[in-house]
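In my numbering, the protein residues as written are 14 to 651.
Note that the Cβ used here is the ideal one computed from N, Cα and C, for glycine as well.
Structure, as structure tokens:
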């Protein structure tokens, strides 16, 4: 049975927001106000409209950005324009945390309550007070972990057809007494036990093509290089341009070695590019560590066409911000790397699926793509080699599960971001049912040094099983939080020495919420995929969260459980039920230890094993990891 909204009508503002994206309706069948004689004789546009189902998510963004929420009339109008059943569109709209189907203020303060911010003394939304025309909401990780605790202000509005006013990222942090440009009436006196100062405010990444993405002045968001304590250090590979090169300047990028790798790729040819990537030993940097060359080869060899390339820039693991810094600080590197990957796998269209919480990365990448296209580095006949490729950005809307590649495909296609069963695998049937290569930002950017250095030189970095450099997101109780680059094989202690260890270190969380805790006496763990496995933990996406003894560990574990409960897509029973039962058990034993907690700990083990064995995707399979490691390694409830 279909869900219908009856006679609800969109406002003029809502109609303009949708029409700015889709163009004016051509007939009453698509939502035009007046029905012509031709409309009464035959139906038009149904098949064409259904082929635009993938514009459902951008349409929801257009409404949410313009008005601040999505009304029944607005959703109904969007459904008519795309010939999508209202029940399905409702299911999609309610899937994402950034959308609201209930009236809310045009200004929303999203307060991060996740792990990195919790460790740094984040306040609850209620502590902000209230102000007329402003709503304050709790939010999952905002990807600003090096400046935690953080919040983001989102303001709806903007001209028809244009970008919305970019969200302002606000956090208690390092800027010296920035101007407190916050919604009037909110209690923004900085909190937290370790931070002082005012609020720093993120400006739009640029206002025109000539303007730098790094905007200074009082209250400005710090430039991307501020997130890299090593910026400018000789020997860096992936971060060598971040903080050095103007991210808005294509000429500056090329002056620092940009597009050398693409030219070599065209000299080698697709097959030899894949061979170089394979010989270099490059594996995925998102946590699964699947060999990149094997994935590309499997995609390139598929007879079905077209092939697609997808860049997964939806890094939503709490504590992760490496892809954000790369995109904000070195955007042309990602554009070049995607072009090389597309050339290797035979794709002519690429999608960059970007976290909705990354407004500056969105602006910076839009600018970079436009400049590359204008200079013949995207589009038809790139660099005169007869290869055509272009990139389309699709914004996520707050769903951790969309980091799973098949859930991401569903999201782009206009469906709920629920994982698909495998096989078939994405290299056979991925986006739109076609062969697809999906890689995250860090993996793709590693392709550039593979081609410029050569496979042998790249493979000589790190260890035989984990080659090349690796990025680590260090946050929490350290003196210098930020993004660090080290070769695989460096130890956890060496990394934390760079970041500045506290004297009262209690534990280190590796891999984020889906990772595991280690003790302060285990700092000799080598930071490699095989080394962390042998130590009984995981490297994951590179999260390193330091926790000192002032943080109540049971509360931190409860936040992990709440995160997985909220982020489960609900498709499979083990995860849908297990994440709730895990949270309930942790609530019961929050203030208990020893024999009083034994029964619930035994129950937690049963629940965790069931989720690990039977869940459809990695979310349910890893939801128990951090809790298990805290019980077994840290003695959390002894």
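So residue i and residue j are in contact, right, with Cβ under 8 Å, and what is the actual spacing, rounded?
{"i": "residue 461", "j": "residue 274", "result": "4 Å"}
{"i": "residue 558", "j": "residue 522", "result": "4 Å"}
{"i": "residue 449", "j": "residue 440", "result": "7 Å"}
{"i": "residue 345", "j": "residue 278", "result": "The Cβ separation is near 15 Å, so there is no contact."}
{"i": "residue 486", "j": "residue 591", "result": "Incorrect: roughly 27 Å between the Cβ atoms, too far for contact."}
{"i": "residue 134", "j": "residue 153", "result": "About 18 Å separates the two Cβ atoms, so there is no contact after all."}
{"i": "residue 640", "j": "residue 595", "result": "7 Å"}
{"i": "residue 501", "j": "residue 536", "result": "That belief does not hold up - the Cβ atoms of residue 501 and residue 536 are roughly 17 Å apart, past 8 Å."}
{"i": "residue 427", "j": "residue 412", "result": "Rounded, the Cβ-Cβ distance is 14 Å, inconsistent with contact."}
{"i": "residue 395", "j": "residue 465", "result": "About 18 Å separates the two Cβ atoms, so there is no contact after all."}
{"i": "residue 382", "j": "residue 414", "result": "Not confirmed; about 26 Å, so no contact."}
The alpha helix (DSSP H) with residue i in it runs from where to where?
{"i": "residue 422", "result": "418-426"}
{"i": "residue 440", "result": "Residue 440 -> no alpha helix (DSSP H), and no H or E assigned at all."}
{"i": "residue 465", "result": "454-466"}
{"i": "residue 308", "result": "305-313"}
{"i": "residue 105", "result": "99-106"}
{"i": "residue 9", "result": "Beyond the ends of the chain as shown, which are 14 and 651, falls residue 9; an answer cannot be given."}
{"i": "residue 301", "result": "First-last for residue 301: undefined, no H or E at that position."}
Out of curiosity, what's the CA-to-CA distance linking residue i and residue j?
{"i": "residue 648", "j": "residue 234", "result": "40 Å"}
{"i": "residue 341", "j": "residue 598", "result": "41 Å"}
{"i": "residue 189", "j": "residue 470", "result": "At residue 189 the pLDDT is 27, less than 50, meaning the model places this residue with poor confidence; the figure from the coordinates comes in the next sentence. Rounded to the nearest angstrom, the two C-alpha atoms are 43 Å apart."}
{"i": "residue 156", "j": "residue 136", "result": "17 Å"}
{"i": "residue 328", "j": "residue 499", "result": "20 Å"}
{"i": "residue 14", "j": "residue 581", "result": "Any reading at residue 14 is ruled out, since the residue's pLDDT is 38, under 50, leaving its predicted position unreliable."}
{"i": "residue 69", "j": "residue 320", "result": "22 Å"}
{"i": "residue 264", "j": "residue 348", "result": "14 Å"}
{"i": "residue 237", "j": "residue 31", "result": "33 Å"}
{"i": "residue 219", "j": "residue 387", "result": "Residue placement at residue 219 is flagged as unreliable, the pLDDT there being 24, under the threshold of 50; the coordinate-derived value follows with that caveat. Those two C-alpha atoms are separated by around 18 Å."}
{"i": "residue 144", "j": "residue 138", "result": "13 Å"}
{"i": "residue 493", "j": "residue 318", "result": "48 Å"}
{"i": "residue 406", "j": "residue 525", "result": "26 Å"}
{"i": "residue 623", "j": "residue 630", "result": "13 Å"}
{"i": "residue 442", "j": "residue 322", "result": "12 Å"}
{"i": "residue 572", "j": "residue 636", "result": "12 Å"}
{"i": "residue 605", "j": "residue 614", "result": "11 Å"}
{"i": "residue 391", "j": "residue 266", "result": "15 Å"}
{"i": "residue 361", "j": "residue 158", "result": "35 Å"}
{"i": "residue 66", "j": "residue 472", "result": "43 Å"}
{"i": "residue 575", "j": "residue 584", "result": "18 Å"}
{"i": "residue 588", "j": "residue 632", "result": "8 Å"}
{"i": "residue 566", "j": "residue 542", "result": "26 Å"}
{"i": "residue 518", "j": "residue 504", "result": "17 Å"}
{"i": "residue 243", "j": "residue 38", "result": "53 Å"}
{"i": "residue 497", "j": "residue 476", "result": "18 Å"}
{"i": "residue 186", "j": "residue 281", "result": "Summary for residue 186: the model assigns pLDDT 29, below 50, so the residue's position carries little reliability; its value from the coordinates is reported in the next sentence. So the two alpha carbons sit approximately 47 Å from each other."}
{"i": "residue 359", "j": "residue 287", "result": "11 Å"}
Taking Cβ positions only, does residue i come closer than 8 Å to chain C?
{"i": "residue 297", "result": "Although the question refers to chain C, the structure presented lacks it and comprises just one protein chain."}
By a C-beta neighbour count over all protein chains shown, 10 Å radius and 16 as the cutoff for buried, is residue i buried or exposed?
{"i": "residue 298", "result": "buried"}
{"i": "residue 445", "result": "exposed"}
{"i": "residue 483", "result": "buried"}
{"i": "residue 28", "result": "buried"}
{"i": "residue 651", "result": "exposed"}
{"i": "residue 385", "result": "buried"}
{"i": "residue 303", "result": "exposed"}
{"i": "residue 132", "result": "buried"}
{"i": "residue 123", "result": "buried"}
{"i": "residue 107", "result": "exposed"}
{"i": "residue 546", "result": "exposed"}
{"i": "residue 520", "result": "buried"}
{"i": "residue 268", "result": "exposed"}
{"i": "residue 463", "result": "buried"}
{"i": "residue 170", "result": "exposed"}
{"i": "residue 127", "result": "buried"}
{"i": "residue 380", "result": "buried"}
{"i": "residue 568", "result": "exposed"}
Residue range of the beta strand (DSSP E) that residue i falls in?
{"i": "residue 624", "result": "It is not in any beta strand (DSSP E) - residue 624 instead sits in the alpha helix (DSSP H) that spans 608-627."}
{"i": "residue 520", "result": "518-523"}
{"i": "residue 331", "result": "Segment: none, residue 331 is in no beta strand (DSSP E) and carries neither H nor E."}
{"i": "residue 95", "result": "It is not in any beta strand (DSSP E) - residue 95 instead sits in the alpha helix (DSSP H) that spans 85-95."}
{"i": "residue 489", "result": "482-489"}
{"i": "residue 152", "result": "147-152"}
{"i": "residue 529", "result": "529-531"}
{"i": "residue 406", "result": "403-408"}
Self-check item: Any beta strand (DSSP E) of 3 or more consecutive residues that is wholly inside the region 538-619
Solution: Here the runs fully enclosed are 556-561.
Practice problem: Pick out the complete beta strand (DSSP E) segments inside the region 344-394, 3 residues or longer, and give them in chain order. | Solution: 360-367
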